[in-house]
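Trainee:
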Amino acid sequence: MIDLYYWPTPNGKKVTIQLEEAGIPYTIKAVNIGRGDQLTPDFLKISPNGRMPAIVDHEPADVGAPITVFESGAIMEYLADKSGKFLPQEPRLRADVMQWVFWQMGNQGPKMGEQGHFRRASHDPKNGDLTYPLMRFDNEVHRIYGVLNLGLHKKRYLAAGQYTIADMICYPWATTLQGRNLEISEFPNVKRWLDEIGERPAVKKAMAAGPEFREDPATVTPEEQARRAKLVNHQRAQAVPKEWV
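Heads up, the sequence shown is in the working numbering, so the first residue is 370 and it goes up one at a time.
1. My parser needs the alpha helix (DSSP H) runs of 4 or more residues fully inside the region 409–472; what are they?
2. Roughly how many angstroms separate the alpha carbons of Q604 and V589, rounded to a whole number?
3. Give me the Cα-Cα distance between R488 and G515, rounded to the nearest whole angstrom.
4. Per DSSP, which residues does Y375 bridge with? Please list them.
5. CB-CB under 6 Å to A399, same chain, minus the five flanking residues each way: which ones, in chain order?
6. Quick check: the Cα distance between T533 and F455, rounded to an integer number of angstroms?
7. Should K382 go down as buried or exposed, given a rule of 16 or more other Cβ atoms within 10 Å for buried?
8. Ordered along the chain, which non-local residues of its own chain (more than five positions away) have a Cβ less than 8 Å from that of P394?
9. Starting from the C-beta of K560, find all residues in its chain whose C-beta is less than 6 Å away, skip the five residues before and the five after it, and write them out in chain order.
10. Give a yes or no on whether the C-beta atoms belonging to V384 and P429 are separated by under 8 Å.
11. Can you check which of these residues, P591, G405, V572, is closest to E390 by C-alpha distance?
12. Look at L521 and W562 and say whether their C-beta atoms are less than 8 Å apart.
13. To the nearest angstrom, how far is it from the Cα of K599 to the Cα of Y447?
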């Protein structure tokens, strides 16, 4: 029913968690983001942002042509409405869930991604002094865990008094603690939540998916490494693919 364009990163795992929890049949279409699969003309038709995840629903509710959706928050709202699960319809409860979905898309994911970017970049001396961006994003990530800790104060789940897509969308990034320059013990509400969500069978299955798609770096030639770096690093605007004209 659902084609999921996926790579095993936190952004991809948000959607696999929901698909597994909701019991929605899906097929993974691997998008090797290191190789540049996300920038092909065919994929850009599905996701003009040139990022995974994205989905194609071959059995939409209106029984019409397949529906494509990109951006994980939009995907998860679409799938929740399709399945009738994990997103309450009562306006107050739905708003409670959706504010966390938008918070994740605008804050948690981007800020933690930038922290990882600058921490990796700091290993190469040619990138110069990165003291300020490291401080900036270390502080932002610390703040983000604090936001989650506040949001979970005296609450089992983030929103609506129940397990929802708010928890599913925030969980994968929150698990990426290695190299974050913080101690999870500072955030006891988050730690308790991570431990509980991580024991759910569907979450375990979804989080484990993906290693089979990864390449052995030793098999990638220096020429291919150079091609990928030129294609993927420091991207600017994509021209309209000639195949579209």
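Every residue gets a Cβ at the ideal spot worked out from N, C-alpha and C, and that includes glycine. These numbers were taken from a predicted model, which means no experiment stands behind them.
Mentor: Reading it off the structure:
1. 410–415, 441–452, 460–472
2. 21 Å
3. 21 Å
4. A399
5. F582
6. 4 Å
7. buried
8. M370, I371
9. I553
10. no
11. V572
12. yes
13. 35 Å
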